[in-house]
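Numbers 25 to 182, taken from this note's numbering, label the letters of the sequence shown in order.
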Amino acid sequence: MKKVILICSVILVILLALGINIYLNSIEPVKAAEDEAVKRAKEDTNLVSVSDFEIYHGNETIFVIEGKDENGDNVFVWVPENEGEIQLLKQSEGITEQEAQNILLSEKGQVDIISRKLGMEKNIPLWEIAYKTEGDLLNYFLIDFETGNKKLKVIENL
Numbered sequence: 025m026k027k028v029i030l031i032c033s034v035i036l037v038i039l040l041a042l043g044i045n046i047y048l049n050s051i052e053p054v055k056a057a058e059d060e061a062v063k064r065a066k067e068d069t070n071l072v073s074v075s076d077f078e079i080y081h082g083n084e085t086i087f088v089i090e091g092k093d094e095n096g097d098n099v100f101v102w103v104p105e106n107e108g109e110i111q112l113l114k115q116s117e118g119i120t121e122q123e124a125q126n127i128l129l130s131e132k133g134q135v136d137i138i139s140r141k142l143g144m145e146k147n148i149p150l151w152e153i154a155y156k157t158e159g160d161l162l163n164y165f166l167i168d169f170e171t172g173n174k175k176l177k178v179i180e181n182l
């Protein structure tokens, strides 16, 4: 009986170690991308601190950084994965996440919102809202960050 418990314990420890190793290896590329994007943003803009980082996958991959500039203003920075123009905007220069959500809800009615994230298409900063409709159909609603234009792009019924 003691051997069975010992063998089960050893197997459990090995499986736990393998799980941790797989997890750490899977997040390594994301961490490397974040470090590189933050470095580029700090070199090319007046970004001084970072509070959040997201990856947007649209026509191209964009890294979106939330932080503060040297004046203490809350800012968003859009950093293209490949070489390209880095854009920094004060958060006050665009619509909030809640305002973007309200635009979607006023246009589409009550829907099941899955995610809200910043992104960029054709050098236009935007809010991407993913939501489900009846029948669990996946939809994307893209809203211009600066103007709140809701006709930027709508992808429905995936």
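We put the CB at the ideal spot given by N, CA and C, even for glycine.
**Request:** Determine the contact status of K114 and V135, defining contact as a CB-CB distance below 8 angstroms.
**Result:** no
**Prompt:** Considering only residues of the segment 118-178, which uninterrupted alpha helix (DSSP H) runs meet the minimum length of 4 residues and lie entirely inside it, listed in chain order?
**Reply:** Secondary structure remark: continuous alpha helix (DSSP H) runs of at least 4 residues inside the segment 118-178, in chain order: 121-132.
**Request:** Run the CB neighbour count on A65, radius 10 Å, all protein chains shown included, and call it buried at 16 or more, exposed below.
**Result:** Buried, because 16 or more other Cβ atoms sit within 10 Å of the Cβ of A65.
**Request:** Kindly say whether V72, judged by its beta-carbon, lies nearer than 8 angstroms to any beta-carbon of chain C.
**Result:** Going by chain labels, chain C is absent from the structure shown, which holds only one protein chain.
**Prompt:** Of the choices G143, S50, E152 and E84, whose alpha-carbon is the least far from that of N126?
**Reply:** E152
**Request:** Kindly give me the distance between the Cβ atoms of I91 and S75, rounded to whole angstroms, as I take these residues to be in contact under 8 angstroms.
**Result:** Ile is not the amino acid found at residue 91; the sequence shown has Gly there. That belief holds up - the Cβ atoms of G91 and S75 are roughly 5 angstroms apart, short of 8 angstroms.
**Message:** Checking 8 angstroms against the spacing of the C-beta atoms, do I105 and E78 come in under that value?
**Reply:** Contrary to the premise, residue 105 reads as Glu rather than Ile in this sequence. Cβ distance not < 8 angstroms, so E105 and E78 don't count as in contact.
**Request:** Would you kindly report the start and end of the unbroken alpha helix (DSSP H) that includes I51?
**Result:** K26 to D68
**Item:** C-beta atoms of G118 and E170 nearer than 8 angstroms
**Value:** Contact: yes.
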